[in-house]
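full-length UniProt numbering numbers the first residue of the sequence shown as 1 and each following residue consecutively.
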Amino acid sequence: MLSGWFLKNAPQAANIAEEDGETPYLTTRGMEFMETHDGPWCCHLSYIKPHWPYIVPEPFASMYGPEHVLPPNRSEDERAEAHPVLSAFMHNKIGQTFWRQDVREAVIPAYMGLIKQADDQIGRLLDWMEQTGRMDDTMIVLTSDHGDFLGDHWMGEKTFFHDASTKVPLIIYDPSEQADATRGTTCDALVESIDLAPTFVEVAGGAVPDHILEGHSLLPILHGQAAETPRKSVICEYDYSASPIAETLGVSVRDSAMFMVATKKWKLIHCEGGFRPILFDLENDPDELTDLGDSAAHADVIEQMYDHLFAWARRPSQRTTRSTAELVEMRTKSCGKGVILGAHDESDAPPELTVKYRGRKARPWQQIRK
Numbered sequence: 001m002l003s004g005w006f007l008k009n010a011p012q013a014a015n016i017a018e019e020d021g022e023t024p025y026l027t028t029r030g031m032e033f034m035e036t037h038d039g040p041w042c043c044h045l046s047y048i049k050p051h052w053p054y055i056v057p058e059p060f061a062s063m064y065g066p067e068h069v070l071p072p073n074r075s076e077d078e079r080a081e082a083h084p085v086l087s088a089f090m091h092n093k094i095g096q097t098f099w100r101q102d103v104r105e106a107v108i109p110a111y112m113g114l115i116k117q118a119d120d121q122i123g124r125l126l127d128w129m130e131q132t133g134r135m136d137d138t139m140i141v142l143t144s145d146h147g148d149f150l151g152d153h154w155m156g157e158k159t160f161f162h163d164a165s166t167k168v169p170l171i172i173y174d175p176s177e178q179a180d181a182t183r184g185t186t187c188d189a190l191v192e193s194i195d196l197a198p199t200f201v202e203v204a205g206g207a208v209p210d211h212i213l214e215g216h217s218l219l220p221i222l223h224g225q226a227a228e229t230p231r232k233s234v235i236c237e238y239d240y241s242a243s244p245i246a247e248t249l250g251v252s253v254r255d256s257a258m259f260m261v262a263t264k265k266w267k268l269i270h271c272e273g274g275f276r277p278i279l280f281d282l283e284n285d286p287d288e289l290t291d292l293g294d295s296a297a298h299a300d301v302i303e304q305m306y307d308h309l310f311a312w313a314r315r316p317s318q319r320t321t322r323s324t325a326e327l328v329e330m331r332t333k334s335c336g337k338g339v340i341l342g343a344h345d346e347s348d349a350p351p352e353l354t355v356k357y358r359g360r361k362a363r364p365w366q367q368i369r370k
């Protein structure tokens with residue numbers, strides 16, 4: 001048996017009928033879900049592919065070849081001068097495998113075939129929704145959890161913070177008339193995946209509990225009322241404590257963590273464990289090939305980016321059980337009648353809280369017992 005887990009077999013067609021593959025199956029299940037729900041619903045249709053193993057059935061297996069594979073986005077200097085943590089990811093097994101052009105020419109055509117299959121199935125789904133009238137009242141969001149390096153920056157897989165991995169697609173179809181103002185346009189606002197949940201809550205007519213949901217509704221942007229989200233930067237996190245790379249670097253489980261903070265101009269990556277930061281100038285170096293993290297000339301920029309990261313880290317995550325309105329109300333609300341803290345006498349507290357303690361002095365307890 002030829003296993004699709006071995007990259008050398010990626011050019012081979014998956015031994016399955018196209019309609020029996022994961023992507024057509026999930027499309028069918030999504031349509032069945034919509035058919036059985038007449039009232040308001042939310043369907044998370046999560047396609048598995050494109051993903052490991054990189055293998056696709058015909059006709060997609062034969063659609064693309066090595067001639068369709070673009071050169072990787074990487075440089076020799078980038079690898080030779082790499083930050084220690086970045087270098088460890090470049091030199092792990094997956095990274096070194098994707099250094100090889102023969103591997104890229106075997107895998108990427110199959111990866112493209114998997115994308116084409118997903119694209120066809122999304123078309124099948126949208127055609128069905130159009131025919132059944134569901135496009136008239138259904139918001140549709142197309143996005144992904146991550147990208148794939150496929151040899152870019154001398155890495156494979158997804159496990160670093162370059163745009164190849166973190167800058168995922170986000171396409172939103174809003175059927176409402178309010179969205180006509182922005183229909184067919186693009187936007188470069190600072191958006192995170194966590195913005196989708198509050199968007200869905202607002203679309204459903206609910207109040208967004210901003211003490212629980214950290215994202216921002218995207219409806220103001222979709223409806224032409226705003227061009228940006230309220231945030232000044234975007235954040236990504238990665239925990240590699242379960243990876244052999246932690247042992248390679250000699251860092252503890254606690255320190256096997258990285259954080260990315262980015263604005264439209266700068267991207268800073270902080271690596272726990274005493275490492276220096278990584279810094280990219282996204283305007284002048286959009287391919288992210290030159291690390292400025294040890295540049296004295298960029299010390300002020302690094303400090304500013306750390307300010308953004310620290311502001312995010314200081315967020316009051318312990319307040320998720322109470323809203324802002326509830327906390328403000330508690331400032332003037334007693335814990336209960338009879339509970340009085342810090343008062344010298346009755347005049348220091350509202351009368352309704354001291355009613356039990358007003359009037360004549362009680363008799364000594366000894367007299368009461370007699």
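Beta carbons are placed, not taken as given, at the ideal position from N, Cα and C, and that holds for glycine.
Contacts around residue i, its chain only, beta-carbon distance under 6 Å, and the 5 residues preceding and following it disregarded
i: Leu218; result: Asp195 and Thr199
i: Pro53; result: Gly4 and Trp5
i: Glu214; result: Ile194
For residue i, the first and last residue of its enclosing beta strand (DSSP E)
i: Met258; result: Ala257 to Ala262
i: Phe6; result: First-last for Phe6: undefined, no H or E at that position.
i: His270; result: Trp266 to Cys271
i: Leu279; result: Ile278 to Asp281
i: Tyr173; result: Leu170 to Tyr173
Residues of its chain near residue i, where Cβ-Cβ distance is below 8 Å and the 5 sequence neighbours each way are ignored
i: Thr182; result: Ile221, Leu222, His223 and Gly224
i: Ser295; result: Leu279
Boundaries (first-last residue) of the alpha helix (DSSP H) holding residue i
i: Glu35; result: Glu22 to Glu35
i: Asp300; result: Ala299 to Ala313
i: Ile245; result: Pro244 to Leu249
i: Asp77; result: Glu76 to Ala80
Within 8 Å, strictly: CB atoms of residue i and residue j
i: Ala262; j: Ser233; result: yes
i: Val85; j: Phe275; result: yes
i: Phe269; j: Phe161; result: Inspection of the sequence shows that residue 269 is occupied by Ile rather than by Phe. The answer is yes: Cβ separation under 8 Å.
i: Ile302; j: Phe89; result: no
i: Val253; j: Ser241; result: yes
i: Glu58; j: Glu18; result: yes
i: Gly293; j: Pro316; result: no
i: Thr159; j: Tyr64; result: no
i: Asp287; j: Asn73; result: yes
i: Phe98; j: Phe33; result: no
i: His216; j: Thr229; result: yes
Neighbourhood of residue i by C-beta, 7 Å cutoff - its chain only, sequence neighbours within 5 removed
i: Ala204; result: Pro40
i: Trp128; result: Met31
i: Thr27; result: Gln121, Arg124 and Leu125
i: Thr23; result: Tyr47, Lys49, Gln117, Ala118 and Gln121
Can at least three beta-carbon pairs, one atom from the stretch 111–123 and one from the stretch 192–205, be found at a separation below 8 Å?
no
In chain order, which beta strand (DSSP E) runs of at least 3 residues are fully inside the stretch 84–167?
If only complete runs of 3 or more residues are kept, the stretch 84–167 shows the beta strand (DSSP E) at 140–143, in order along the chain.
Is the stretch 91–105 touching the stretch 36–55, taking contact as three or more C-beta pairs under 8 Å?
No: fewer than three Cβ pairs fall under 8 Å.
Pick out the complete beta strand (DSSP E) segments inside the stretch 177–241, 3 residues or longer, and give them in chain order.
Counting only runs of 3 or more residues that sit fully inside the stretch 177–241, the beta strand (DSSP E) segments are 234–239, in chain order.
Counting pairs of beta carbons, one from the stretch 150–159 and one from the stretch 61–78, are three or more of them closer than 8 Å?
yes
Minimum length 4: unbroken alpha helix (DSSP H) runs contained in the stretch 315–363
324–330 and 351–354
Kindly confirm or deny that the stretch 166–180 and the stretch 134–152 touch, where touching means at least three C-beta pairs closer than 8 Å.
yes
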